[in-house]
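J.:
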Amino acid sequence: MAYDPFIEPEPDVWAALDEEERIDLVMAYHRRARIRLPREKVHAVFHVIVESQIADPTLPVRRVAGRLMSEGLDRHEAIHAIGSVLAEHMNDLMRETKSGDENVDAKPDQNPNKAYLAQLELLTADAWRQSA
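Note that full-length UniProt numbering numbers the sequence shown so that position 105 is 105, with each residue one more than the last.
(1) Going by alpha carbons, who is nearest to L93 out of K41, S131, I54 and N113?
(2) In the structure shown, what three-state DSSP assignment does G66 receive?
(3) Is Y3 closer than 8 Å to P11 when the C-beta atoms are compared?
(4) Using 8 Å as the cut-off, can you tell me whether the segment 56-70 makes contact with the segment 29-42, which would need three or more C-beta pairs spanning the two stretches below that distance?
(5) Please report the distance separating the alpha-carbon of D24 from that of L86.
(6) Measuring CA to CA, which of P5, A132 and I49 is closest to M90?
(7) Cβ of I7 less than 8 Å from any chain B Cβ?
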């Protein structure tokens, strides 16, 4: 299997791959496309996470990606836009953990990804282009 961010991978095939295989496929794509990245593996990991979220029918990420593409982004750009929100969310979670701000009394039913999914709903192609 070869990865191409412009073509959605078959969700079942993608899900059947080992995580490291997915990362290797994404890195191979960027090398074939001669896209030089300062942190190639980190970039690939975000691609893999977003692709896996798009493939998950229980998440709204597929719909968000479709909306971003209808706003003019190509599929690869939509992955990057979603990945930028994911990276910001992960950075926020890490800062909270490091500063001790995490709520140890949080209810088990609270979803730490709620903020991420809410930010995705607010994401627009124009806003992402302006931030990039």
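For glycine and all other residues, C-beta sits at the position ideal for the given N, C-alpha and C. Just so it is clear, the structure is predicted and the values come from calculations on it, not from any experiment.
T.: Result, derived from the coordinates:
(1) On the sequence shown, residue 93 is found 93 positions in, with the first residue counted as 1. Here the closest residue by C-alpha is N113.
(2) Position 66 of the sequence shown holds residue 66. Three-state DSSP puts G66 in a helix.
(3) Start at 1 with the first residue of the sequence shown, and residue 11 comes out as number 11. Start at 1 with the first residue of the sequence shown, and residue 3 comes out as number 3. No, they are not a contact pair.
(4) Contact between the segment 56-70 and the segment 29-42 is absent: fewer than 3 CB-CB pairs across the two stretches fall below 8 Å.
(5) The sequence position of residue 24 within the sequence shown is 24, counting from 1. The sequence position of residue 86 within the sequence shown is 86, counting from 1. Each residue's Cα considered, the two are about 20 Å apart.
(6) Locating residue 90 in the sequence shown gives position 90, counting from the first residue. Checking every option, the nearest Cα to that of M90 belongs to I49.
(7) Among the protein chains of the structure shown there is no chain B, as only one such chain exists.
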